[in-house]
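Residue numbers (our numbering): 36 to 159.
In this text, a Cβ means the ideal position worked out from N, Cα and C, and glycines have one as well.
Keep in mind that this is a model prediction, so the values were computed, not measured.
Next comes the structure, spelled out in structure tokens:
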């Protein structure tokens, strides 16, 4: 309430500052090019990472179409790659230092800082 009191009253006729992230933009204009080929909205483009041995068409029907029935694939843009999770295979656990040792180091740094400040104060 203190913020509103200092800023004044809310103008109900003012435009919204934040856009709704889940709002779907209204489709206005042509949806086909001059050759009547459908135009795609690049703002709605998405990508998926599919397991190596999974069939792409089966995955599309199982995981995408139930949630976006008007979705389609441009198979010319398919990219084949592999993700290697290095931390999963090469990570070696190193136990953390004991809390009492960490606190002792912090206290030593604080004491060193205070000593340096005292030296500076003596010079003035």
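Distance check for residue j and residue i, CA to CA, integer angstroms please.
i	j	result
residue 104	residue 89	21 angstroms
residue 75	residue 66	8 angstroms
residue 157	residue 138	29 angstroms
residue 133	residue 127	19 angstroms
residue 110	residue 49	45 angstroms
residue 159	residue 123	57 angstroms
residue 100	residue 91	12 angstroms
residue 51	residue 78	22 angstroms
residue 87	residue 58	34 angstroms
residue 150	residue 129	34 angstroms
residue 30	residue 71	As displayed, the chain neither begins before 36 nor continues past 159, which places residue 30 out of reach and without an answer.
residue 93	residue 81	17 angstroms
residue 116	residue 102	25 angstroms
residue 98	residue 54	28 angstroms
For the alpha helix (DSSP H) holding residue i, just list the boundary residues, first then last.
i	result
residue 74	Per DSSP, residue 74 belongs to no alpha helix (DSSP H) and is neither H nor E.
residue 92	91-94
If residue i and residue j are in contact, beta carbons under 8 angstroms, what's the gap, nearest whole angstrom?
i	j	result
residue 108	residue 121	Rounded, the Cβ-Cβ distance is 30 angstroms, inconsistent with contact.
Contiguous alpha helix (DSSP H) assignments of at least 4 residues, all confined to the stretch 120-152: Segments of the alpha helix (DSSP H) lying fully in the stretch 120-152: 121-125.
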